[in-house]
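Student:
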Amino acid sequence: MTVKEARTLAGWTQQRLSDELNIPKRTIENWEGEKRKCPEWAEQLIVQEILRRTGKEE
3 MTVKEARTLA GWTQQRLSDE LNIPKRTIEN WEGEKRKCPE WAEQLIVQEI LRRTGKEE
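The working numbering numbers the first residue of the sequence shown as 3 and each following residue consecutively.
#1: Which of the three DSSP states, helix, strand or coil, is assigned to Lys6?
#2: Exposed or buried, Leu19, counting other C-beta atoms within 10 Å across all chains shown (16 or more means buried)?
#3: Quick check: what's the CA-CA separation for Glu51 versus Pro41?
#4: So what's Ile25 in DSSP terms, helix, strand or just coil?
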């Protein structure tokens, strides 16, 4: 699952993700716009945290 997929599943905006996890909004925009690639290890941790905070853990 990607950061965008987890964010969408949680019903969060990019701004909410930025606020919740203290990730710059521009960084999220770059990942989702495929201008930059989120490191795989970081993506896994971010997805886990989004799912944990929203009670949608797999």
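Backbone N, C-alpha and C fix where the C-beta goes; we use that ideal spot for every residue, glycine too.
Tutor: Concretely, from the data shown:
#1: Sequence index remark: in the sequence shown, residue 6 carries index 4 (1-based). Shown here, Lys6 sits in a helix according to DSSP, grouped into three states.
#2: Start at 1 with the first residue of the sequence shown, and residue 19 comes out as number 17. Buried is the call here.
#3: The residue given as residue 51 occupies position 49 in the sequence shown. The residue given as residue 41 occupies position 39 in the sequence shown. Rounded to whole angstroms, Glu51 and Pro41 show a C-alpha spacing of 15 Å.
#4: By 1-based counting over the sequence shown, the position of residue 25 is 23. Of the three classes helix, strand and coil, the one that applies to Ile25 here is coil, per DSSP.
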